[in-house]
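Novice: Counting in my numbering, the sequence shown runs from 3 upward without gaps.
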Amino acid sequence: EVTDVGEVVLQNYHNFEMLYPEFNFMLDNDLHQPALVHVNRNHLEQIMIILLDNAIKYSTIRKEVHIAVASDERYAQVAVQDFGEGISEEDKKKVFHRFYRVDKARSREKGGNGLGLAIAQQLVEGYDGNVSLESSVGYGSVFRVELPLIREVEPKSEEPVNTD
Ligand code: ATP
3 EVTDVGEVVL QNYHNFEMLY PEFNFMLDND LHQPALVHVN RNHLEQIMII LLDNAIKYST
63 IRKEVHIAVA SDERYAQVAV QDFGEGISEE DKKKVFHRFY RVDKARSREK GGNGLGLAIA
123 QQLVEGYDGN VSLESSVGYG SVFRVELPLI REVEPKSEEP VNTD
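1. Quick test of your reading: Leu29 and Tyr15, contact by CB under 8 Å. State the CB separation rounded to the nearest angstrom.
2. When you compare the segment 119-138 with the segment 48-55, are there three or more beta-carbon pairs, one atom per stretch, that lie closer than 8 Å?
3. With respect to 8 Å, is the separation between the Cβ of Ala81 and the closest non-hydrogen atom of the ligand ATP below this value?
4. Assuming Val11 contacts Ile69 under a Cβ cut-off of 8 Å, what Cβ separation, rounded to an integer in Å, is found between them?
5. Work out the CA separation of Ser61 and Tyr102 for me, nearest whole Å.
6. Determine the extent of the alpha helix (DSSP H) in which Gln35 is found, giving its start and end residues.
7. Buried or exposed: where does Leu46 fall if 16 or more other Cβ atoms within 10 Å of its Cβ makes it buried?
8. Residues bridged to Ser73 by DSSP?
9. Excluding the 5 residues preceding and the 5 following Lys96 in the sequence, name in chain order all residues of the same chain whose CB lies nearer than 7 Å to its CB.
10. If I follow the unbroken beta strand (DSSP E) through Asn2, where does it start and stop?
The structure is reproduced here in structure tokens:
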């Protein structure tokens, strides 16, 4: 299945704008051509929903979420940034663990069971992509997803050149 990352991101952006009118969503689309990946469309949607849901859930005062989509030679890249409570250095790895929640009491109020990021990471890695997190307590977080692009011309394997 071939999925256009820009298209799915745009659709999720519109959906979340409608679902959370009190939030200010910004989309920074830096794609110059379709970013096509071999990823099931529902899987990519699920990844986006997990990251956007979290951005909203853990935004405290500033109700703003930035979404960016771009690509380099190898990857389609999506970033979801919030300006919420942030995640400490110590918790950065753990938030991707199943059932891990940073502040048990406070997180429980917000609902959820600590599975979202574990699922997102598993999906992304299943497609040979990767997820990373940049965060600072009190300032917010950026989750970045990279998924391998379908290359227009698959590089040929090195074969001995026949000069006959
Ligand atoms: P759910 O299973 O419904 O997704 P959850 O949000 O608790 O529930 P995860 O998405 O796996 O589960 O997140 C794990 C923990 O990481 C959260 O409980 C929260 O403490 C922290 N976290 C996740 N995203 C953010 C964020 N954008 N800002 C701050 N903390 C976050």
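Built from N, CA and C at the ideal position, the CB exists for glycine as well.
Specialist: Inspection of the coordinates gives the following:
1. Their Cβ separation, rounded to whole angstroms, is 5 Å, which keeps Leu29 and Tyr15 in contact under 8 Å.
2. At 8 Å Cβ cutoff, the stretches touch.
3. The answer is no for Ala81.
4. Under the criterion of beta carbons closer than 8 Å, Val11 and Ile69 qualify as touching, at roughly 6 Å.
5. Cα to Cα, the separation comes out at about 19 Å.
6. For Gln35, no alpha helix (DSSP H) segment is defined, and its DSSP state is neither H nor E.
7. Note on Leu46: 16 or more other CB atoms within 10 angstroms of its CB, so buried under the neighbour-count rule.
8. Answer is Ala78, bridged to Ser73.
9. Cβ contact annotation for Lys96 (same chain, cutoff 7 Å, sequence separation greater than five): Tyr102, in chain order.
10. The chain is shown only over 3 to 166; residue 2 falls outside these bounds and no answer can be derived.
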